[in-house]
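Residue numbers (full-length UniProt numbering): 1 to 79.
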């Protein structure tokens, strides 16, 4: 009698696992997709940071920026 009980439990677990498998597969696919998207966004963020640093460097050495700094510090009255 005990043997039948264990078979019933095993079959129940197998059925439960089989029913959950499609949901787990979808969840795994979603996790993989989110990880890929996160990696792409991290790479894009890194690229934007590098571009930002280059632009800041170019602006810092630009005569236009130097002229603008002079205008804001000397020609604009502080009220």
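Backbone N, C-alpha and C fix where the C-beta goes; we use that ideal spot for every residue, glycine too. For clarity, every value in this text was computed on a predicted model and none was experimentally measured.
Residue state for residue 10 is assigned as helix, using DSSP reduced to three classes.
Assigned with DSSP and collapsed to three states, residue 62 falls in coil, not helix or strand. Taking the Cα positions, residue 35 is about 44 Å away from residue 4.
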